[in-house]
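Heads up, the sequence shown is in my numbering, so the first residue is 13 and it goes up one at a time.
Glycine is no exception: its CB is placed at the ideal position from the N, C-alpha and C atoms.
It should be emphasised that the depicted structure is a prediction, and the values quoted were computed from it without experimental measurement.
One structure below.
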Amino acid sequence: MDASALLSRLACPLIPVVVIDRLDDAVPLAEALLQGGISALEITLRTPVACEAISAMKSALPDAVIGAGTVSSGEAYGAAVQAGADFVVSPGATDQLFKTAAAHAVPFLPGAVTGSEVLRAMEFGYAALKFFPAEAAGGPQALQALSGPFPDINFMPTGGVTPHNVAAYLQLNNVCAVGGSWLTPRDLLIDQQWEAVFQLAADSVTQVTQMSRGEWQ
């Protein structure tokens, strides 16, 4: 299922890309980000406890939108769905991933960078795609160029997105959300500084809100 509808409903277009090393951090981290105004989280499947973290977050915060990222196989997709993920994100796309996604109702955000990759995703019915690695793949200029031949495709860029360049991405008409790891710095997670995570999220959301109103430079 295409993720367009889910992304369009998010009150905030910032999606933290989260790496959970300790299961005990999952719920307090999610609470800090959500209280800071974040609408959705992407938990990367890069650690052994990632799926357990998704389940813990959904159990404690059933109304939260919690996704699974770095999903690179049909098996991982199934594990994410079993864990309760509300959406699934992949840095690319394969026949196996498209086939697995078609068997589930959970929205899928496949990765695409080149015109050929975008066309292939479109053939499978997708209009919302992950653009990764965003900065290395050409950044806002590349995305703006893609809007010409693909006016109906929206992207969620991740990879190199920071507070310093996020405005350049969000000002593009074909960007529906951005993913970033700057919202969950590793040192804050290691020290369990949840108040600092909350403040970072709140400040980032304020920045985006001001930008949308034309108040932020």
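Span of the alpha helix (DSSP H) holding residue i?
{"i": "T218", "result": "W206 to S224"}
{"i": "S20", "result": "S16 to S20"}
{"i": "R198", "result": "R198 to I202"}
Compute the beta-carbon to beta-carbon distance between residue i and residue j, rounded to the nearest angstrom, for a pair I have assumed lies under 8 Å.
{"i": "P119", "j": "S102", "result": "The Cβ separation is near 12 Å, so there is no contact."}
{"i": "A80", "j": "I55", "result": "6 Å"}
{"i": "P145", "j": "L155", "result": "Actually they are not in contact, since the Cβ atoms of P145 and L155 sit about 13 Å apart, beyond 8 Å."}
{"i": "V173", "j": "G192", "result": "5 Å"}
{"i": "V220", "j": "L184", "result": "Actually they do not touch by this definition, with Cβ atoms about 14 Å apart."}
{"i": "Q205", "j": "D37", "result": "At roughly 11 Å, the Cβ-Cβ gap does not stay under 8 Å, so Q205 and D37 are not in contact."}
{"i": "A72", "j": "I32", "result": "Wrong, their Cβ atoms sit about 14 Å apart, outside the cutoff."}
Between which two residues does the beta strand (DSSP E) harbouring residue i extend?
{"i": "E54", "result": "A52 to T56"}
{"i": "P40", "result": "Note, P40: premise wrong, no beta strand (DSSP E); alpha helix (DSSP H) at A38 to Q47."}
{"i": "I27", "result": "L26 to V30"}
For residue i, which residues of its own chain have a beta-carbon under 6 Å away from its beta-carbon, when the five flanking residues on both sides are left out?
{"i": "G104", "result": "G123"}
{"i": "F110", "result": "F136"}
{"i": "V30", "result": "L53, I55 and T196"}
Do residue j and residue i count as a contact pair if the criterion is CB distance below 8 Å?
{"i": "L195", "j": "P25", "result": "no"}
{"i": "V83", "j": "A76", "result": "no"}
{"i": "V130", "j": "F162", "result": "yes"}
{"i": "G48", "j": "F167", "result": "no"}
{"i": "A44", "j": "A157", "result": "no"}
Once the 5 residues before and after residue i are set aside, which same chain residues still bring their CB inside 7 Å of it?
{"i": "A97", "result": "I66, I78, G79, A80 and V118"}
Residues in its own chain within less than 8 Å of residue i by CB, not counting five upstream and five downstream?
{"i": "S20", "result": "C188"}
Would you list, in sequence order, the uninterrupted alpha helix (DSSP H) runs of no fewer than 4 residues that lie entirely inside the region 128-183? 151-158 and 178-182
In chain order, what are the residue ranges of uninterrupted beta strand (DSSP E) at least 3 long that sit wholly in the region 50-95? 52-56 and 77-81
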